[in-house]
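Right, one structure below, let's go through it.
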Amino acid sequence: MPGSPQPDPPEDFNQAPPLGDVDLFAIDRPLQEAVAANGAGAEAQALTSFGRHWGRAELIEQARLADENPPRLDAGIVEFHAAYHRFMTDSMAAGLHAMTWRADATAEAAPAEVARAARYFMVAQVESGHMCPITMTRASVAALAGEPALAVMVMPKIISRSYDRSSRPWWEKSAMTLGMGMTERQGGTDVRANRTRAVTDGDGYRITGEKWFMSAPMSDAFLVLAQAQGGLTCFFMPRFRPDSSVNALHFRKLKDKTGNRSNASTEVEFSNAYALRVGEEGKGIRTILKMVQMTRLDCAIASTGLMRAALVQALHNARHRRVFGKRLLEQPMMRSVLADLALEVEGALALVMRLCRAVDLAARDESEASLARLLTPAAKYWICKAAPAFAYEAMECLGGNGYVEESSILPRLFREAPVNAIWEGSGNVMCLDVLRAMRSEGGGAQATLSGLSRAAAGLAGAGEAVQLIQRSFTGDNAEAQARTAVERLALLAASAALHRSAPDIAAIFARTRLAGRRGANFGTSDLSDEEAAMLLARVLP
Ligand SMILES: Cc1cc2nc3c(=O)[nH]c(=O)nc-3n(C[C@H](O)[C@H](O)[C@H](O)COP(=O)(O)OP(=O)(O)OC[C@H]3O[C@@H](n4cnc5c(N)ncnc54)[C@H](O)[C@@H]3O)c2cc1C
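Each residue of the sequence shown is one higher than the one before, starting from 557 at the first, in our numbering.
This is the structure we're talking about:
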């Protein structure tokens, strides 16, 4: 009837429905291609069942619960929400913490890294906090391998897949997890300035001092740096002494963090805490760097997963939300933004999977070892620093709903995004590490650069990028210019990796990222309609 009020629209009017249950592997064409291009094509079926498990909407709800109910410190014990334990159980059952290792602390046959990274990337799309202990446990083996007698004792518990949350000595448990304590109040980057001290005591050491950050405090043991008589040394510090009494680790408080809230990070004091040496006295940095090299690669994989999760939400919304009579996805500028976001994930994913391939082959191929050494910090630098801006842009694609905790997962992703760039060596530190690798690896780094140049041959901007990298790293002002050079190096390596796994995408990536005059924001890559359509079709079927 004219003049009568319109009935209220239904609550879900012009709102995107929930994504629902998906198979995180089957819907992700770039992932399938990167897995196949890096030698793990035979994993496809296993990855599909993994993707179905982790793609259930119910797990997104569990991730929300884990985030909204952060751990609490109570009488020396840190209590986690049930959802956190659930994620630990599932990730450990899948072997994410150990599937790349054999019981003798050596690497599994290739393509174990690629197969694990594909899984890790999918889990990162769901819940990141619990991945901190998963990553540290996995990476600790690289350092423990330097102390074979100790490794032989702990490996059966490390590779076990049955998560044991109980607070008991590690040898009584079905499985153990490990954390890491390097950072002190006066410095995290400059660990040589560590003040924590270690003195010999019988077969072991007594450690006294404090760590300003030590995450996953309920781990069964920690790899800790402390000053021994022979200099800075790496130690294995269990939470219980050999006589089963509680070791002298006193958690002072939990950090109140911007994101990564389901994971606990403590300030901790050691008062004559029992520990065993790992590697030689005075070689602590060299020993623990073997672990850190692996955690850095995980940071890059996790940030790529986070970006993929944000992209999927943004695209899903744009497929449903209507503005000015059209779906958002049909609006040319929104297509440009989304396709540019998709292109970023394509490059990041191709690069991390290529790096995992290099780790898979490193033990028997020196050139792959050099590639992993040079490009891991470069990838961490570029990808982890891209993630916060990416998450923000994806959030804006959802408009106001993107900013509201109850209506999307974007706020959680946004809060999580910066941490991977900050820990395990912050941005500048990654660039200094690339510089160090360029100088110390000598021939190896040069050979890697030549290899990238060949692999990216014919791609727009590749030749200029190689020249810029060479010039910057050998010039007088190398340190001041390192960010420019490292970013180029990562983009060149991503272009080369895409050239192998998805040549059509490589051409667009190189044109826009290596040769282009792209602006500061996503959506400024001047993609053609056809290119945007191709990129978007690859994100979600
Ligand atoms: C949530 C969370 C959990 C953590 N968990 C752990 C843990 O479990 N174990 C652990 O050991 N640590 C942990 N950390 C600590 C983390 O690794 C450090 O914060 C990080 O390494 C940086 O050290 P810092 O905070 O002392 O900063 P600083 O070393 O003071 O660095 C500050 C800034 O200066 C830059 N910088 C440093 N040196 C140079 C240089 N030469 N030239 C130019 N720029 C430079 C850095 O890139 C950084 O941006 C955690 C941190 C966070 C936020």
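Glycine is no exception: its CB is placed at the ideal position from the N, C-alpha and C atoms.
- Distance check between D1060 and each of N957, L917, L899 places L899 closest, using alpha-carbon atoms only.
- Looking at the DSSP output, Y830 bridges to R762.
- Remark: the shortest separation between the CB of D776 and any heavy atom of ligand 1 does not fall under 7 Å.
- With a beta-carbon spacing of about 4 Å, H876 and A572 fall inside the 8 Å limit used to define contacts.
- In this structure, E924 sits near A914, with a CB-CB distance shorter than 8 Å.
- A1016 is positioned such that its CB atom lies closer than 8 Å to that of R1067.
- D577 and R608 have their C-alpha atoms roughly 8 Å apart.
- Scanning its chain for C-beta atoms nearer than 6 Å, with the 5 sequence neighbours on each side dropped, one finds around D623 the residues R817, S818, R968, in chain order.
- The distance from the Cβ of A943 to that of A973 is about 4 Å, consistent with a contact at the 8 Å cut-off.
- For M732, there is no enclosing alpha helix (DSSP H), as DSSP gives it neither H nor E.
- Per DSSP, F569 is not a residue of any beta strand (DSSP E), being assigned neither H nor E.
- For M736, the shortest C-beta to heavy atom distance toward ligand 1 is below 7 Å.
- Sorting D799, F826, A820, M711 by C-alpha distance to the C-alpha of G765 places F826 at the top.
- Counting only residues of its own chain and dropping the five nearest sequence neighbours on each side, G1079 has a CB closer than 6 Å to the CB of S892, V893, D896.
- Fewer than three beta-carbon pairs drawn from the segment 748-761 and the segment 719-729 are found closer than 8 Å, and the two stretches are therefore not classed as touching.
- Collapsing the DSSP output to three states places Q742 in coil.
- When the beta-carbon positions are compared, E589 and S1057 come within less than 8 Å of each other.
- Residue side-chain check: M770 places its Cβ nearer than 7 Å to a non-hydrogen atom of ligand 1.
- Taking 7 Å as the cut-off, one finds at least one heavy atom of ligand 1 near enough to the beta carbon of D746.
- By the Cβ neighbour-count rule, A598 is exposed, with fewer than 16 other Cβ atoms within 10 Å of its own.
- For I583, there is no enclosing alpha helix (DSSP H), since its DSSP letter is neither H nor E.
- Cβ contact annotation for A1041 (same chain, cutoff 7 Å, sequence separation greater than five): L1024, I1025, S1028, F1029, in chain order.
- The DSSP-derived three-state label of F792 is strand.
- Residue range 805-810 is occupied by the beta strand (DSSP E) that includes H806.
- In chain order, A661, T662, A707, K846 place their CB closer than 8 Å to the CB of A701, counting only its own chain and leaving out the 5 sequence neighbours on each side.
- When secondary structure is reduced to three states using DSSP, R971 falls in the helix class.
- Per DSSP, the beta bridge partners of G787 are A784.
- Taking 7 Å as the cut-off, the C-beta of T1068 does not count as close to any heavy atom of ligand 1.
- Distances from the alpha-carbon of A659 to those of M687, E617, P704, P667 put P704 closest.
- In the structure shown, W610 falls within a helical segment according to DSSP collapsed to helix, strand and coil.
- Collapsing the DSSP output to three states places L779 in a strand.
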